[in-house]
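See structure below.
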């Protein structure tokens, strides 16, 4: 990075933290809390969380129903590799998908990414 600042598309690395994060185009704001689809930043500003990424579901923040379902599942087990094991939640989801299509689906296959889809 030169003295004139970053070039277009060149990442800016936050210098005020030991946490290495490449941010475009400027230092990222810090999230203090979240509720529903809003983030509250440390400066008090509320913004819509329109972000996503790998292994992210955009289900909102602080949703009591989602939190309770996660806790219920965590109390049973955290993960069972689908290549080696079956589990009730995956069967329940497949049934919901099957029923929601008016029985047009005959089965469901849950994959880690579309890299595996055919």
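In this note's numbering, the protein residues as written are 80 to 197. Where a beta carbon is used, it is the ideal one built from N, C-alpha and C, also for glycine.
Item, Value
"Bounding residues of the alpha helix (DSSP H) (the contiguous stretch that carries residue 174)", "167 to 179"
"Under the three-state DSSP convention, the category residue 138 falls into", "coil"
"Residue 153 - DSSP class collapsed to helix/strand/coil", "helix"
"Outcome for residue 118 when other beta-carbon atoms lying within 10 angstroms are tallied against a minimum of 16", "buried"
"6 angstroms Cβ shell around residue 75 - same chain, five flanking residues per side excluded", "With the chain represented from 80 up to 197, any question about residue 75 goes unanswered, as that position is not in the structure."
"Through-space distance from residue 190 to residue 153, alpha-carbon basis", "21 angstroms"
"Cα-Cα separation between residue 186 and residue 112, rounded to whole angstroms", "39 angstroms"
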